[in-house]
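K.L.:
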Amino acid sequence: MHEIKCPNCGKTFNLDEAGYADILNQVRNEAFDKALNDRLVLAEQDKRNAIELAEIKIISEMDKKATMKEVEIERLKEELKSVDIAKQLALKEALGTIEKERDDLKRDLEAKETEKKLLESSLKEKYETQIKDRDDAIERLKDMKAKLSTKMVGETLEQHCEIEFSRIRSAAFPIAYFEKDNDSKTGSKGDFIFREADHNGTEFISIMFEMKNENDETATKKKNEDFFKELDKDRNEKGCEYAILVSLLEPCNELYNGGIVDVSHRYPKMYVIRPQFFIPMITLLRNAAQNTLKYKTELALMKAQNIDISNFEDELNIFKDAFGKNYDLASKRFQTAIDEIDKSIDHLQKTKEALQGTDRNLRLANDKAQDVTIKKLTRGNPTMAAKFEELKKEDVE
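By the numbering used here, the letter at position 30 of the sequence shown is numbered 30, and the numbering carries on one by one without gaps.
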């Protein structure tokens, strides 16, 4: 970890190696641009100095040789006047040779002049080519810096962020969850979801990421704020605490080029960043969230205890309701049984009374049967009386 002090507010905060390296890379980019411009100025100055030195050297040599030849010609002319004809002929011949040499020297001088011009032209083209190459390199670096080295062949912004996270996952985020959001059952989805919990399973940070890039040839240019509402909706639907838009849109907007932009005044806990702040942003939010982990753990424990109490109360209420229902049902059945017993008792009482009435009737019938005599049966019935008399006589015989 590196301790960084803000030069504006004086606040000190810590950055891990990845965040520190990203900030250091920005500083190096600025230093590189300055050093490159200084080198270009020095190169241009060296070019002009080299051309001037070459011109001065060539002209000096040519002038020196021409002067020497002129002096020698004048000397020979003077000698020619004072010698005889033979010597004059010899001198003339020598003069012809000198003049020839002079002419050759002039031609050489002209050739040197041409060579100098060619050299100057060559040096000019060379340095112009170098300057053009430097300008092209500067433009490429500026373009790369503006687009943050993410517009590579066959690579999208999402792939770039995923690769950057995978590079440090095992070292910085060994137990974190970072995957694409493939759940579109609510009608929309973000690009990536980051979640991390402690070893007890208490989640202390969650981030919904949306990555937005746009080709240079796109006719209708989008703005970052066009995606705030949808991103906030995805954050709420997926239960994430933070929402972050990683954007290459509006490349000339100094607000977004300046660093991390807090748009919480529009939507809660939402930020807009350039891709170079992708890993540092996760690190900053994660470190801040870890400071509240203790309170979140205690809160989760209290919630769990409250849930246990609520569950106990719910189960007790369920038991009371079930017991009450069973008691009501048993009470109704008990009352039904009592009613049935009362009905049975009443029925048996009626049966008893009926049997008692039958007994009385049988007793009376028996008494009446015991009171029946032949005299009573034959009284007023002479026919039956005669028959009974005949039976008595037969019994006697």
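Positions of the beta carbon are idealized from the N, C-alpha and C atoms, including for glycine.
1. To the nearest angstrom, report how far apart Asp-133 and Glu-55 are at their CA atoms.
2. Measuring alpha carbon to alpha carbon, tell me which residue in Asp-191, Ala-43, Ser-60 and Glu-70 is nearest Lys-126.
3. Pick helix, strand or coil for Ile-341, following the three-state DSSP scheme.
4. What residue does the beta strand (DSSP E) around Ile-168 start on, and which one ends it?
5. Tell me the rounded alpha-carbon separation between Lys-393 and Asp-346.
6. Measure the alpha-carbon distance for Cys-240 versus Asp-136 and round it to whole angstroms.
7. In the DSSP assignment, find the unbroken alpha helix (DSSP H) run with Ile-282 in it and report its ends.
8. With H, G and I counted as helix, E and B as strand and the rest as coil, what does DSSP make of Pro-382?
9. In whole angstroms, give me the CA-to-CA distance for Tyr-256 and Asn-291.
10. Need the endpoints of the alpha helix (DSSP H) that Leu-248 sits in, please.
11. Which of helix, strand or coil does DSSP assign to Ser-60?
12. Under 8 Å by Cβ, that's how I've got Met-211 and Glu-158 pegged, so tell me the actual separation to the nearest angstrom.
13. How is the beta strand (DSSP E) around Glu-196 delimited, first residue to last?
14. Buried or exposed: Tyr-177, going by 16 or more other Cβ atoms within 10 Å of its Cβ?
15. What's the call for Thr-283, buried or exposed, on a 16-neighbour Cβ count within 10 Å?
16. If you draw a straight line from the C-alpha of Lys-77 to the C-alpha of Met-62, how long is it?
17. Indicate whether the contact test is met: 3 or more Cβ pairs, each with one atom in the stretch 271–282 and one in the stretch 243–256, closer than 8 Å.
18. Express the C-alpha separation of Lys-69 and Arg-75 in angstroms, rounding to a whole number.
19. For Ile-244, tell me which candidate among Ile-193, Asn-213, Glu-214 and Thr-67 has the shortest Cα-Cα distance.
20. Taking only three categories from DSSP, how would you classify Ile-433?
21. Using a Cβ-Cβ cut-off of 8 Å (strictly less than) and excluding sequence neighbours within five positions of Glu-179, which residues of its own chain qualify?
22. Is the Cβ-Cβ distance between Leu-123 and Lys-57 less than 8 Å?
23. Under a Cβ-count criterion, where at least 16 other Cβ atoms within 10 Å of its own Cβ denotes burial, should Gly-258 be classed as buried or exposed?
24. What's the gap between the Cα of Val-71 and the Cα of Arg-102?
25. Excluding sequence positions up to five away, which residues of its chain have a Cβ less than 7 Å from the Cβ of Ile-51?
26. Per DSSP, what kind of secondary structure is Ser-122 in: helix, strand or coil?
27. Using DSSP with H/G/I as helix, E/B as strand and the rest coil, what is Tyr-177?
28. If you draw a straight line from the alpha carbon of Ser-60 to that of Cys-252, how long is it in whole angstroms?
29. With H, G and I counted as helix, E and B as strand and the rest as coil, what does DSSP make of Tyr-295?
30. Go ahead and label Thr-383 buried or exposed: buried means 16 or more other beta carbons lie within 10 angstroms of its beta carbon, across all protein chains shown.
31. Closest to Asn-37 by C-alpha separation, out of Glu-93, Met-281, Glu-139 and Thr-351, would be which residue?
32. State yes or no: is the C-beta of Lys-221 within less than 8 Å of the C-beta of Glu-214?
33. Around the Cβ of Leu-285, are there at least 16 other Cβ atoms within 10 angstroms (buried) or fewer (exposed)?
34. Report the residue from Thr-114, Ala-197, Lys-65 and Thr-156 whose alpha carbon sits nearest the alpha carbon of Phe-173.
35. Leu-391 to Ala-354, Cα distance in whole Å?
36. Based on the DSSP secondary-structure assignment, which residues constitute the bridge partners of Val-272?
P.N.:
Checking against the coordinates, here is how it stands:
1. Cα to Cα, Asp-133 sits roughly 27 Å from Glu-55.
2. Ala-43
3. helix
4. Careful: Ile-168 lies outside any beta strand (DSSP E), inside the alpha helix (DSSP H) at 157–172.
5. Their Cα atoms are separated by approximately 59 Å.
6. 44 Å
7. 278–291
8. helix
9. If you draw a straight line from the Cα of Tyr-256 to the Cα of Asn-291, it is about 28 Å long.
10. Neither: Leu-248 is in no alpha helix (DSSP H) and is coded neither H nor E.
11. helix
12. Rounded, the Cβ-Cβ distance is 5 Å, consistent with contact.
13. For Glu-196, the enclosing beta strand (DSSP E) covers residues 192–197.
14. exposed
15. With 16 or more other Cβ atoms within 10 Å, it is buried.
16. Roughly 22 Å separates the two Cα atoms.
17. yes
18. 10 Å
19. Ile-193
20. Residue 433 lies beyond the residue range present for the chain, which begins at 1 and ends at 397; the question has no answer from this structure.
21. Phe-192 and Ile-193
22. no
23. exposed
24. Straight-line Cα distance between these residues: approximately 11 Å.
25. Same-chain partners within the cutoff: Glu-120 and Leu-123.
26. helix
27. strand
28. 55 Å
29. It is helical.
30. exposed
31. Glu-139
32. yes
33. By the neighbour-count rule (16 or more Cβ atoms within 10 Å), Leu-285 is buried.
34. Residue Ala-197 holds the alpha-carbon nearest to the alpha-carbon of Phe-173 among Thr-114, Ala-197, Lys-65 and Thr-156.
35. 42 Å
36. Leu-245 and Val-261
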